[in-house]
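Chains as they are written, first to last, in my numbering: chain A, 53 to 349; chain B, 53 to 349. The beta-carbon is built from N, C-alpha and C at its ideal position, and this holds for glycine as well. Owing to the predicted nature of the structure, the values given are computational and were not obtained by experimental measurement.
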């Protein structure tokens, strides 16, 4: 019987140790930049992208150790995007993962630079022989290309831009889906793809896992929208009710709360069907899909 | 007789055409993000880093076509750093390259994202088979590793952090030099190193060219400090007198104006001595070194 809680704990433990070690680097300055980078990166969080990367590797018979640097790089890119999204000129958030946001704990300039630093450092680790996950330079280059595409102007950053532009506007369901596929879906999909590739998945497996990823990526966002309405701020470590305050288009606002819940369940069902060709080694991915709609934070 | 003006014009022309073509990409959103990225990137400028990359390749018998994508990526990273440095939370500049800064022409959120987008896109081009300069994956990975190191927390970003922290403080000459070696020197040095490596330079040549780069990188900054005092704002396309206003430590403020000029000349002399083993193919690098202290913008 697969136990998600102990799985997540053991994988997070492995991950946090490696992440802390990777960020144990010298500073050429006062140390303030590195402190701001470490503050935001090592403050917990769900670590969803690294866990999905590991679980995808395991689903095809691999292990977390085969994609550890990549998992760290994915979380560094995710964290940089949170730091920049929280800035006063963007979402102007004061609380993240239960702590003051980076620009509140340090200052705006430090937060901008800490974000820049984390993105750049992620690419440094992915490209440096002493860190890379594969001994095949061509595969490492492919990973960098896929990740920078997902994180960039045709992925996450465009999604954040659409998010900024959509505030106060009436989005259609299609427009809302496009926003989320770019803002969060692209990075979730590439996390799963990288884990699978590093563990030697074949092209059919990669395709099924990417389909799984697209469904749970969107389900995760629908669930996030629902939690922003119904969630407990203390439990979630960030403010709730903010979407409504910013007049943001969300699944509950477009569909209503119950139909939004039904839509999330439907997406999770679709994601589980993509995993049918896989054996019990894909149980972590199956459990994560179910967890997405059952979580309360 | 080598003519720097026509050399710079022909290399800039080649470069601008390629840069414009590279940025002719689809947008998954409203187009605003890509517009902001193109606005700042395609607004002229000296293109010093790409030109140095070309000139280093040529100094060892290569050609600009061998390092074109790398040169574009270096300028994209430089432009992203200018966009973020100009933000209200950082240097709060209104004018850049004779035009409103990105956050003035668009808005702060767009400028933050345009910077993020340019950095990410640079890494995408460097890692993508349809764009990369070398057919050797290992060399391409090495370039990404060198560039992301120079641009990151142990290079340019740390330099910008030191710059923010040093405002209103009395820096020593050593501290000022460390700031500039990080903030501008690291990217100038890596620009020259990448051009040389892509053109097949040997390790002795790379070492001499890196020494040349370190000297002219610092000379360029000393000259910039001098121009901030003595320069013509209209000619330079940006405000002057700003260092004094921000109470920044500069070479003129620490050494006096004439000794700062003498220091810049001394650095250029040192850079020229590093080029002694090279033949006339290094004349562009020689002329650029002299241009740095003779320019008026």
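Below-8 Å beta-carbon distance, residue 168 of chain A vs any chain B residue: yes
May I ask you to check if the CB of residue 205 of chain A is nearer than 7 Å to at least one heavy atom of the ligand NAD? Judged by which ligands are present, the structure shown has none, so any question about the ligand NAD falls away.
What does the alpha-carbon distance come out to for the pair residue 59 of chain A and residue 336 of chain A? 8 Å
At the level of alpha carbons, what is the spacing between residue 238 of chain B and residue 334 of chain A? 45 Å
Give the secondary structure of residue 102 of chain A by DSSP, where H, G and I count as helix, E and B as strand, and everything else as coil. helix
Between B:130, B:127, B:154, which lies nearest to residue 140 of chain B when the distance is taken from Cα to Cα? B:154
Any chance the segment 244 to 256 of chain B sits against the segment 215 to 231 of chain B, with 3 or more Cβ pairs inside 8 Å? no
Alpha carbon to alpha carbon, how far is residue 68 of chain A from residue 294 of chain A? 30 Å
Within the chosen definition, does the segment 296 to 313 of chain A reach the segment 258 to 266 of chain A through at least 3 CB pairs nearer than 8 Å? no
According to DSSP, which residues form a beta bridge with residue 151 of chain A? A:148
List the residues of chain A whose Cβ lies closer than 7 Å to the Cβ of residue 237 of chain B, in chain order. Under the 7 Å cutoff, chain A gives no residues; its nearest Cβ is about 12 Å from residue 237 of chain B.
Presumed contact (8 Å Cβ cut-off) between residue 81 of chain A and residue 298 of chain B, rounded CB distance: Contact doesn't hold; Cβ gap of about 18 Å is too wide.
Got a sec, what are the start and stop residues for the alpha helix (DSSP H) residue 166 of chain A sits in? 160 to 179
Shorter than 8 Å from the beta carbon of residue 338 of chain B to some beta carbon of chain A? no
Excluding the 5 residues flanking residue 332 of chain A on each side, which residues of the same chain have their C-beta closer than 6 Å to its C-beta? none
Does chain B have any CB closer than 8 Å to the CB of residue 91 of chain A? no
Proximity of residue 172 of chain A and residue 204 of chain B at Cβ, strictly below 8 Å: yes
Please report whether the beta-carbon of residue 121 of chain A lies at a distance below 8 Å from any beta-carbon of chain B. no
What are the start and end residues of the alpha helix (DSSP H) that includes residue 268 of chain B? 255 to 282
From this set, B:66, B:292, B:326, B:100, which residue's C-alpha is nearest residue 147 of chain B's C-alpha? B:292
Proximity test, Cβ basis, 8 Å: residue 118 of chain A and chain B: no
DSSP state of residue 90 of chain B, grouped into three classes? helix
Who are the near neighbours of residue 167 of chain B in its chain, counting only those whose CB is closer than 7 Å to its CB and skipping five residues on each side? 132, 135, 136
Could you name the residues of the segment 186 to 201 of chain A whose beta carbon sits closer than 7 Å to any beta carbon of chain B, in the order they occur along the chain? 189, 190, 192, 193, 196, 197, 200, 201
Does the CB of residue 179 of chain A have a neighbour CB from chain B at under 8 Å? yes
Beta-carbon contacts of residue 99 of chain B that lie in its chain and below 7 Å, excluding the five residues immediately before and after: 64, 67, 127
Comparing alpha-carbon positions, which option in B:200, B:278, B:281, B:328 lies nearest residue 259 of chain B? B:328
Three-state secondary structure (DSSP) at residue 300 of chain B? coil
Taking a cut of 8 Å between CB atoms, which residues from the segment 242 to 275 of chain B lie near chain A? none
Can you name the residues of chain A whose CB is closer than 8 Å to the CB of residue 82 of chain B? 213, 214, 217
In the DSSP assignment, the alpha helix (DSSP H) including residue 347 of chain A goes from what residue to what residue? Residue 347 of chain A -> no alpha helix (DSSP H), and no H or E assigned at all.
In terms of residues, what are the limits of the alpha helix (DSSP H) holding residue 236 of chain A? Taken as a continuous stretch (DSSP letters only), residue 236 of chain A belongs to no alpha helix (DSSP H), as it is neither H nor E.
Hey, is residue 172 of chain A's beta-carbon within less than 8 Å of any beta-carbon in chain B? yes
May I have the straight-line CA-CA distance separating residue 346 of chain B from residue 110 of chain B, to the nearest angstrom? 23 Å
Along the chain, where does the alpha helix (DSSP H) that runs through residue 133 of chain A open and close? 120 to 137
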